[in-house]
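See below for the structure under consideration.
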Amino acid sequence: MKKGPRKALLRSLTNNFFIYEKIKTTEAKAKELRPIAEKHITRAKKNDIASRRILLKTLNPKTLKKIIEEIAPKYKDRNGGYTRILKLGPRDSDGAKMVIIELIK
């Protein structure tokens, strides 16, 4: 996959992950999403103008508001490890390994 479509896919996954706080996807996509999500939460915990601007590059305004006001405060005493990947069975159509990635707590 080229850089543009890959970046768009990860941006979409990230936004949906923070909106729903849990998504079902393939294992490979979840493993790519996890470090991005963790860094976004850590950055949102700072809650300064520079952090907001950096997050706004990849998150839409609705998602940014949710991550700063609802998600980041939950993890103020936690240093990383905000997500969990739970393995499911293979997908019926093509046998891809499916997982659920979710926020802890």
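Here numbering that gives the first Met the number 0 is used: the first residue of the sequence shown is 0, the next is one more, and so on. Every residue gets a Cβ at the ideal spot worked out from N, C-alpha and C, and that includes glycine. Values in this document were obtained by computation on a predicted structure and should not be read as measured data.
Under DSSP, glutamate 101 takes part in a beta bridge, and its partners are Lys21, Arg83. Its chain contains Ile67, Ala71 as the residues whose beta carbon lies nearer than 8 Å to that of asparagine 46, once the 5 sequence neighbours on both sides are disregarded; these appear in chain order.
For lysine 23, the closest of Lys104, Arg90, Ile103 by C-alpha to C-alpha distance is Arg90. When the Cα atoms are used, glycine 80 and aspartate 93 turn out to be separated by approximately 31 Å. Close CB contacts of isoleucine 84 within its chain, under the 6 Å cut and outside five residues either way in sequence, are with Ala29, Val98, Ile100 (chain order). Proline 89 is bridged by DSSP to Lys96. Residue environment for alanine 43: buried (at least 16 other C-beta atoms within 10 angstroms of its C-beta). Burial check for leucine 63: the Cβ neighbour count within 10 Å reaches 16 or more, so the residue is buried. Apart from sequence neighbours up to five positions away, the residues of its chain that approach lysine 86 with a beta-carbon distance below 6 Å are Val98, ordered along the chain.
Going by DSSP, threonine 57 is part of no alpha helix (DSSP H) at all; its letter is neither H nor E. If you compare the alpha carbons of Lys38, Ile40, Leu12 with that of alanine 27, the shortest gap goes to Leu12.
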